[in-house]
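Undergrad: This is the structure I have questions about; it appears just below.
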Amino acid sequence: MGFKAWVLIKLFVLQFLSFLCSSADFDFFYFVEQWSPSYCDTKQGCCYPITGRPNEDFGIHGLWPEYTTGEWREFCDRENSFNASQISDLIGRMQKDWPSLACPSGDGTIFWRHEWEKHGTCTSLDQHSYFEAALDLKKKANLLQVLENGGITPGKIYNFTTVKEAIQEGVGYRPVIKCNKDPANNTQLYEVYLCADTSAKNFIECPVFSHGIPCGSSIEFPSFSSDSELHVAI
């Protein structure tokens, strides 16, 4: 074997080993969805996308690679910038299921770019696979339907444990629920964390649990018309 061939083989092996290391360089995903009315129902408020008010539904916040130590990596490949042309066939689903409610109004591109460059570049997935995996996990979880099946609908107040158990029963795995505050300082359901394996295809039990604002014993599940009086269903 010539020297040049040996060098090429060595380079190939190193690249392959590097790929294996990068593909296994985290332990699980947090798949995070946020309740759109709760995002808007704060003192900060929100701006609807240029496509109009989103459906009263959970929207994807992100798909985040994590370690069981509670640590994570960010912005792992600054050369791998977001390229909307790589997900052109997913845009319709993205606008529906991954809307941006930040101000000023936009088409979602800034939000998606941030999620890819901060989190997606720390996975072994390409851009299309990363966003498609998140969209498929949302469809698989089907949180709004799961809650409805448990008798939990927007515009009311519920026992926190009832909400958590409904999600666990419907999805099959324990969720992490985070809350925020409405302008009257009431606690409301804001985000639901589920965990997925490193392929981003299957839900798993969360190895560790993220912490946030304690939700308390009862939480609002607001609607976009939550300025009307809430009906209590504890």
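Residue numbers for the sequence shown, in mature numbering (1 follows the signal peptide of the UniProt record, and there is no 0): -23 to -1, 1 to 211. The C-beta atom is built at its ideal place from N, Cα and C for all residues, glycine as well. Keep in mind that this is a model prediction, so the values were computed, not measured.
Please tell me whether Ser77 and Gly85 are closer than 8 Å, where the distance is taken between their beta carbons.
TA: It is a contact, given that the beta carbons lie within the stated cut-off.
Undergrad: Given that a residue counts as buried once 16 or more other Cβ atoms are within 10 Å of its Cβ, and exposed if not, what is Glu197?
TA: buried
Undergrad: Just to confirm, is the Cβ distance from Ser195 to Ile134 under 8 Å?
TA: yes
Undergrad: Can you tell which of Ile64, Gln72, Ile181 and Phe6 has the C-alpha that lies nearest to the C-alpha of Leu40?
TA: Phe6
Undergrad: Within the region 137 to 203, note down every full beta strand (DSSP E) run reaching 3 residues or more, in order along the chain.
TA: 153 to 158, 164 to 173 and 195 to 198
Undergrad: Report yes if the CB atom of Gln104 is closer than 8 Å to the CB atom of Gln72, and no otherwise.
TA: no
Undergrad: With a CB to CB cut of under 6 Å and the five nearest residues on each side skipped, what residues in its chain are close to Ile181?
TA: Sequence-distant Cβ neighbours of Ile181 in its own chain, meaning closer than 6 Å and more than five residues away, are Cys172 and Asp174.
Undergrad: Out of curiosity, what's the CA-to-CA distance linking Gln11 and Val153?
TA: If you take the alpha carbons of Gln11 and Val153, they lie about 12 Å apart.
Undergrad: What first and last residue would you give for the alpha helix (DSSP H) that runs through Leu40?
TA: Residue range Phe35 to Glu43 is occupied by the beta strand (DSSP E) that includes Leu40, with no alpha helix (DSSP H) assigned at that position.
Undergrad: Kindly give me the distance between the Cβ atoms of Pro131 and Pro14, rounded to whole angstroms, as I take these residues to be in contact under 8 Å.
TA: 7 Å
Undergrad: Roughly how far, in whole angstroms, is the beta-carbon of residue 215 from the beta-carbon of Gly149, given that I think they are within contact range, below 8 Å?
TA: This structure cannot settle anything about residue 215, because the visible part of the chain is limited to -23 through 211.
Undergrad: If distances are taken between C-alpha atoms only, which option among Pro191, Ile190, Glu92 and Phe186 comes closest to Tyr44?
TA: Phe186
Undergrad: What would DSSP say about Lys133, mapped onto helix, strand or coil?
TA: strand
Undergrad: Let's see if you can read the secondary structure: which residues bound the alpha helix (DSSP H) around Tyr107?
TA: Where Tyr107 is concerned, the enclosing alpha helix (DSSP H) stretches over Gln104 to Ala118.
Undergrad: Note down, in chain order, each residue of its chain lying with its Cβ closer than 6 Å to the Cβ of Phe201, except the 5 sequence neighbours on either side.
TA: Pro14 and Glu33
Undergrad: In three-state terms, what does DSSP make of Phe6?
TA: strand
Undergrad: With a CB to CB cut of under 8 Å and the five nearest residues on each side skipped, what residues in its chain are close to Cys17?
TA: Cys23, Leu78 and Phe201
Undergrad: Can Phe8 and Leu114 be called in contact, C-beta distance under 8 Å?
TA: yes
Undergrad: Taking the alpha carbon of Gln21 as the reference point, which residue from Gly193, Pro160 and Thr98 has its own alpha carbon closest?
TA: Pro160
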